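Residues in the sequence shown are numbered from 16 upward in steps of one, following this note's numbering.
Glycine residues also receive a C-beta, built at the ideal position from the N, C-alpha and C atoms.
As the structure is a prediction and not an experimental result, all values here were calculated from the model.
For reference, the structure is listed below as structure tokens.
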Amino acid sequence: MQGILLVILGISFIFLMTITGAAFVYFFKKNLDDKFQNIMLGFASGIMIASSIWSMILPAIDFAKDGLINPVISIVGGIILGSITLIIVDKIISSNLKSFKKEKYGSTLKLFSAVTLHNIPEGLAVGLAFGIALNQEINGIIPALMLALGIGIQNVPEGAAVSLPFYAINKNKNKSFIFGSLSGIVEPIFAIIGVLLSKFLTDYMPLFLAFAAGSMLYVVMDELIPEATKNEKHREVSIAFIVGFIIMMTFDMLF
Numbered sequence: 016m017q018g019i020l021l022v023i024l025g026i027s028f029i030f031l032m033t034i035t036g037a038a039f040v041y042f043f044k045k046n047l048d049d050k051f052q053n054i055m056l057g058f059a060s061g062i063m064i065a066s067s068i069w070s071m072i073l074p075a076i077d078f079a080k081d082g083l084i085n086p087v088i089s090i091v092g093g094i095i096l097g098s099i100t101l102i103i104v105d106k107i108i109s110s111n112l113k114s115f116k117k118e119k120y121g122s123t124l125k126l127f128s129a130v131t132l133h134n135i136p137e138g139l140a141v142g143l144a145f146g147i148a149l150n151q152e153i154n155g156i157i158p159a160l161m162l163a164l165g166i167g168i169q170n171v172p173e174g175a176a177v178s179l180p181f182y183a184i185n186k187n188k189n190k191s192f193i194f195g196s197l198s199g200i201v202e203p204i205f206a207i208i209g210v211l212l213s214k215f216l217t218d219y220m221p222l223f224l225a226f227a228a229g230s231m232l233y234v235v236m237d238e239l240i241p242e243a244t245k246n247e248k249h250r251e252v253s254i255a256f257i258v259g260f261i262i263m264m265t266f267d268m269l270f
């Protein structure tokens with residue numbers, strides 16, 4: 016019973032941290048200009064590039080060493096599939112969201128899609144860790160709790176990276192907070208799936224992780240960086256990119 020309570024605590028924590036990051040939007044003034052929007056896109060780009068490397072690709076390589084699928088095939092294939100998925104998402108946005116001002120919201124919608132896709136394998140990883148630990152002594156659940164702690168902490172800047180650029184466009188704090196929070200809702204859902212299917216999904220984690228990395232890399236290079244640097248003066252965007260990259264890299268290395 017105690018183990019189940021710890022599982023509930025760990026899964027709830029990772030979503031709560033996304034909500035915490037999305038809530039950063041309430042600390043900013045109401046009137047934000049295009050310059051701030053570009054800086055936030057640069058910040059989000061840095062977070063996503065670092066996260067795709069340290070949270071996705073490097074763990075995928077470690078998983079693949081003991082997996083059934085060839086590491087090169089699973090990781091390269093996953094990155095390609097993730098990129099193709101974002102291309103499809105882009106087509107859907109372009110075709111069906113004209114009334115939603117796609118030219119205005121397109122970059123944040125693709126950012127939301129990429130972060131959401133990225134959260135799926137993270138949720139699975141947490142669920143798999145808890146699923147494996149539930150059959151062990153209570154001490155066996157400690158590594159799963161530490162994994163949930165690490166992923167939860169890194170979800171803070173990710174939640175902010177989604178809500179802040181959206182706020183820079185629509186100037187509505189409540190909508191931006193909800194938008195950022197919803198990017199993380201898939202994590203606890205797939206964590207539960209991971210717990211229930213822990214015996215069957217472990218060998219496919221490299222593919223899931225690489226898939227998320229591919230989606231994030233694609234949206235950064237195709238949309239966020241071009242959008243953030245469309246003006247001639249973009250030194251602040253470059254600085255924001257580096258700051259976001261360092262923050263995410265530091266969280267991933269520490270946790």
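- Take the Cβ of Ile-88 as the centre, count every other Cβ of all protein chains shown within 10 Å, and call the residue buried at 16 or more, exposed below. exposed
- With DSSP as the reference, label Lys-106 as helix, strand or coil. helix
- For Phe-78, I'd like the list of residues in its chain whose CB is within less than 6 Å of its CB, leaving aside the five on either flank, ordered along the chain. Met-220, Pro-221.
- With a threshold of 16 other CB atoms inside 10 Å of the CB of Pro-241, please say whether the residue is buried or exposed. exposed
- Element boundaries [alpha helix (DSSP H), containing Val-252]: 250-269
- Message: Quick check on this structure: which residue in Ile-262, Ala-65, Thr-123, Leu-179 has the alpha carbon closest to the alpha carbon of Ala-228?
- Response: Ala-65
- Message: Helix, strand or coil for Lys-190? Go by DSSP, reduced to three states.
- Response: If DSSP states are grouped into helix, strand and coil, Lys-190 belongs with the helices.
- Task: Just the C-alpha distance for Ile-54 and Leu-269, rounded to the nearest angstrom, thanks.
- Result: Between the alpha carbons of Ile-54 and Leu-269 lies a gap of roughly 26 Å.
- Message: Tell me whether the stretch 22-32 and the stretch 140-147 touch, counting them as touching only if at least three CB pairs, one residue from each stretch, are closer than 8 Å.
- Response: Judged by Cβ distances under 8 Å, the stretch 22-32 makes contact with the stretch 140-147, as three or more pairs qualify.
- Message: What does the alpha-carbon distance come out to for the pair Gly-259 and Met-231?
- Response: The alpha-carbon atoms of Gly-259 and Met-231 are separated by roughly 14 Å.
- For Gly-199, three-class secondary structure by DSSP: coil
- Do the CB positions of Ala-37 and Ser-178 come within less than 8 Å of each other? yes
- Message: If I follow the unbroken alpha helix (DSSP H) through Tyr-182, where does it start and stop?
- Response: 157-185
- Whether Met-263 touches Ile-62 by CB criterion (8 Å): yes
- Let me know the secondary structure DSSP gives Lys-125 once reduced to three states. helix
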